[in-house]
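The next block holds one structure in the form of structure tokens; read it before the comments.
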Amino acid sequence: MQTPIQPLPPLRTHLLNPQPHLPLLLLLRRPSPLRRSPPPPRYLRARCYGVGGGGGGVEPQKRKKAGAVSAVAAAAAAAYPFGEIEPRWQRFWEEHRTFRTPDEVDTSKPKCYILDMFPYPSGAGLHVGHPLGYTATDILSRYKRMKGFNVLHPMGWDAFGLPAEQYAIETGTHPKITTKRNIERFRSQLKSLGFSYDWDREISTTEPDYYKWTQWIFLQLLKTGLAYQAEVPVNWCPALGTVLANEEVINGVSERGGFPVIRKPMRQWMLKITAYADRLLEDLDDLDWPESIKEMQRNWIGRSEGAEIEFHIVDFQGQERGLHLSVFTTRPDTIFGATYLVVAPEHFLLSSLITEDHREIVEEYVELAARKSELERTDLQKEKTGVFSGSYAKNPATGEKIPIWIADYVLGSYGTGAIMAVPAHDSRDYEFALKYNIPIVWVVKPSDEICDLNEPYVDDGIIVNSSSSVSGLNITGLSCKDGASKVIQWLESTNNGKKKVNYKLRDWLFARQRYWGEPFPVIYLDDTDEIVPLLESELPLTLPELDDFTPTGTGEPPLAKAISWVKTVDRLSGKPARRETSTMPQWAGSCWYYLRFMDPQNPTTLVDKAKERYWGPVDIYVGGAEHSVLHLLYARFWHKVLYDIGIVSTKEPFKCLINQGLILGEVEYTAFKDQEGRWISADSASSSEYYQEKVPAEKVTKDGDYFVLKDNPNIRLNARAYKMSKSRGNVINPDDVVSEYGADSLRLYEMFMGPLRDSKTWSTGGIEGVHRFLARTWRLIVGPPLPDGSYRDGTIASNDEPTMEQLRTLHKCIAKCKPQV
2 MQTPIQPLPP LRTHLLNPQP HLPLLLLLRR PSPLRRSPPP PRYLRARCYG
52 VGGGGGGVEP QKRKKAGAVS AVAAAAAAAY PFGEIEPRWQ RFWEEHRTFR
102 TPDEVDTSKP KCYILDMFPY PSGAGLHVGH PLGYTATDIL SRYKRMKGFN
152 VLHPMGWDAF GLPAEQYAIE TGTHPKITTK RNIERFRSQL KSLGFSYDWD
202 REISTTEPDY YKWTQWIFLQ LLKTGLAYQA EVPVNWCPAL GTVLANEEVI
252 NGVSERGGFP VIRKPMRQWM LKITAYADRL LEDLDDLDWP ESIKEMQRNW
302 IGRSEGAEIE FHIVDFQGQE RGLHLSVFTT RPDTIFGATY LVVAPEHFLL
352 SSLITEDHRE IVEEYVELAA RKSELERTDL QKEKTGVFSG SYAKNPATGE
402 KIPIWIADYV LGSYGTGAIM AVPAHDSRDY EFALKYNIPI VWVVKPSDEI
452 CDLNEPYVDD GIIVNSSSSV SGLNITGLSC KDGASKVIQW LESTNNGKKK
502 VNYKLRDWLF ARQRYWGEPF PVIYLDDTDE IVPLLESELP LTLPELDDFT
552 PTGTGEPPLA KAISWVKTVD RLSGKPARRE TSTMPQWAGS CWYYLRFMDP
602 QNPTTLVDKA KERYWGPVDI YVGGAEHSVL HLLYARFWHK VLYDIGIVST
652 KEPFKCLINQ GLILGEVEYT AFKDQEGRWI SADSASSSEY YQEKVPAEKV
702 TKDGDYFVLK DNPNIRLNAR AYKMSKSRGN VINPDDVVSE YGADSLRLYE
752 MFMGPLRDSK TWSTGGIEGV HRFLARTWRL IVGPPLPDGS YRDGTIASND
802 EPTMEQLRTL HKCIAKCKPQ V
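Okay, here's the thing in structure tokens:
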């Protein structure tokens, strides 16, 4: 059962609820203040909802940066001593382990597992965006405890990976030291905010007792054939000295650091996430997740149905060369309009397709393509480029010879890495064909219109010009759907192809050439290179201490420098062996951490089956939408694997997902000036001769729907809130806010800024309004301070039975608050 509520000594100076399972109003035992003053909900309406949401209702001149104590804040602090109250009760909660969820709970009671996405402990510490989601889950956790639920509400650290290692390299300090220091700071900040986490269940992905089970899961993936090695084109980042997953590359640069990324072939560990593609798609329908997140995952998985067609390679005279090229198409109905083939620059058959008279120009083109990101290559606005390979293929439907081109708009990671190009019915193919004078053959027309031959027709319609006496195939006059079905039947009957389901999703590239990550629990025999998994009794394979942990830049991982660690012996055969020197990516530890919270101290198994059956799945999971196709997809994949091998009892890890919105920096005001320094109104500043200038908030006022200069109302200003960043200088440190206004002010303000899922604008004027409300509430309960700064005698909390009037007031408050929660 949950930890019982502890009896408290009489105390004159506190506002925070000393019994965290009970609402504040239950502690208001004296009837007189309730009779002579309106109840708190009225104050909330009058003082908090008018704070300005995200700053929209606050006059610019009232705003200031947190950290500079205002006269308003100083006066309120004198009347409401949060600096004394909050630390006292935080110490009490910690000393009495008030929010601890026991290892053994009464399983006849309902449960609620409420989880925040655990943070990466950066050197910058928390920002005011973190407490937004944490406060919401704290409210829900306290509410569920009061409702009689067993509540699991833990916190931990996602501390392995590139961000921590880059920070260590930049500071010249070992990541073990910087990670420990950063965790201590994060923990201290979270405790100062008064959240009701069960700190007895704290975990870190960098602890050997934790990553022992990350390594164990990898061994199960290896045992079931879901982990394998392959020579694949990878995203290589020279600056980071490692390979990156597709999801970690944005616009041709690394997600972390913004460094250039190139494509090159390397042998890597892969996880066969594609084997679960259909289940990952189908089970989305059962989840209480934002539809936008589910749609992002559907698009990332990218299921498409079509056909895989075999084209036989021929020379210029049409003689077969004994090779064939497989292409995937979603439009087999257009096979009669295929007038050329295109292969990706990284296609495995490329060297066999190039003729000697075209080799030099093709190799130059391939080298240029390797410097582009996949996004750049597939940009529809980009001019299409390509080179002829010198080889041809035979269209199986027409028997005609068609050229094979190399073009970077085809990706080796999608389908077979080759396409049949139908320029009459595909925009990219059409543009390419026009540029290189390739024939265009229309084979589909609208059912009730004449086709415009000046642009490709990409919709469904009636098939035309699609019969051949050579192949015996005739689909003219059929609808596109019926034509596709008939073509697939013909392909299968003639061994020229088959029906195929394809996915945009690629297998997960699961190795990083970096130091700060989980070591792979495998060794390689020196004489045969055979991969030998470690025995479970050999786990954890701990990360060795390494003074020089910087990337080599050559592709050789830093762990290769730990020579005595790398050299080992196979325990079963006694043969000399070597360890894997790549490490797992930062996503490995976060794929399953929610399970370890259920049973964090268990030394013999990942999670006890009875505890997993009781606590799983996570009921409410709160975190940012930026994790939609990284952490969330990977965690669902691992969970399904664990379900298949009997470790977990549910098909999905997270029942309900909530994405909190961003907290943007304070509104910034800009105006225009001409070359003589005269102000120009924003609504008329269209000339490039004008330049922008930032205007301090104290010089701005609001005029109707617009912001204008206070001393010149004719000059309208642009007003915009930006995402908080160091470069803009608009980051708000929660430590400063807590120091100036108190944790309750910060938490309450962030909840009153607007709906949790929406992005909101920070306003220091807004938090001052909330702080004043708390000071009024304090005076309502305690009364004003005496001249010497003390308070009159008498307790403000007791364990006496409440009066009927107090109970009525309490239940009215509960009835009003319950649906809002």
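So in this note's numbering, spot 67 of the sequence shown is number 68, and the numbers just go up one at a time. The beta-carbon is built from N, C-alpha and C at its ideal position, and this holds for glycine as well. Remember, predicted model here, so these are calculated numbers, not experimental data.
Residue pairing from DSSP places Val696 in a beta bridge opposite Tyr670. Leaving aside the five residues that flank Val619 on each side, the residues in its chain whose CB is nearer than 7 Å to its CB run, in chain order, Tyr114, Leu116, Tyr595, Pro654, Phe655 and Lys656. By alpha-carbon distance to Met297, the top candidate from Thr379, Asp789 and His632 is His632. At a Cβ-Cβ threshold of 8 Å, Ile403 and Asn660 do not count as neighbours. Within the segment 181-227, the complete alpha helix (DSSP H) segments of 4 residues or longer fall at 209-224, listed in chain order.
Cβ-Cβ separation between Val570 and Arg580: approximately 11 Å, too far for a contact (criterion under 8 Å). Judged by DSSP secondary structure, Ala816 falls within the alpha helix (DSSP H) whose first and last residues are Met805 to Gln821.
Between the C-alpha atoms of Lys181 and Leu194 there is a straight-line separation of about 20 Å. Taking a contact to require three or more Cβ pairs closer than 8 Å, the segment 157-173 and the segment 199-219 qualify as touching. Restricted to the segment 360-438, the alpha helix (DSSP H) segments that are unbroken, complete and at least 4 residues in length are 360-370, 375-378 and 428-437, listed in chain order. Counting along the chain, the unbroken beta strand (DSSP E) around Leu526 starts and ends at Val523 to Leu526. Just so you know, the alpha carbons of Asp139 and Leu710 end up roughly 42 Å apart. The Cβ neighbour count for Ser591, taken over all protein chains shown within 10 Å, is at least 16; the residue is labelled buried. Using a C-beta cut-off of 8 Å, the segment 741-752 makes contact with the segment 775-788, since at least three inter-stretch Cβ pairs fall below that distance. The shortest C-alpha to C-alpha distance from Met271 to any of Val254, Glu283, Val233 and Trp301 is the one to Val233. Shown here, Asn300 sits in a helix according to DSSP, grouped into three states. Cβ contact annotation for Glu95 (same chain, cutoff 8 Å, sequence separation greater than five): Lys192 and Trp200, in chain order. With a 10 Å radius around the Cβ and a threshold of 16 neighbouring Cβ atoms, Ala125 comes out exposed. In the DSSP assignment, Ala231 is bridged to Gln269. A straight-line Cα-Cα distance of about 17 Å links Glu557 and Ile263.
When only Cα atoms are considered, Ala698 and Tyr723 end up about 15 Å apart. Only exposed fits Ser685, as fewer than 16 other CB atoms lie within 10 angstroms of its CB. DSSP, reduced to helix, strand and coil, places Tyr635 within a helical segment of the structure shown. In the three-state reduction of the DSSP assignment, Thr179 falls in the helix class, which pools H, G and I. Annotated as proximal: Ala246 and Pro586, with beta-carbon spacing under 8 Å. Annotated three-state conformation of Leu116 is strand, per DSSP. Pairing His359 with Gly391 gives a Cβ-Cβ distance under 8 Å.
Taking a C-beta distance under 8 Å as the contact criterion, Ile664 and Leu133 qualify as a contact pair. With a 10 Å radius around the Cβ and a threshold of 16 neighbouring Cβ atoms, Met421 comes out buried. For the set Ala744, Leu542 and Lys500, the Cα lying nearest the Cα of Pro520 is the one of Leu542.
For Val738, the closest alpha carbon among the candidates Pro82, Val129 and Phe100 is that of Val129. Per DSSP, Ala722 lies in no alpha helix (DSSP H) segment and is marked neither H nor E. Within the DSSP secondary-structure output, Ile464 pairs in a beta bridge with Val445.
Closest in C-alpha terms to Met147, from the list Lys112, Leu163 and Ile178, comes Lys112.
Annotation: the continuous beta strand (DSSP E) that includes Gly323 extends over Glu321 to Thr330. Below 8 Å, enough C-beta pairs join the segment 630-645 and the segment 274-287 to call them touching: three or more.
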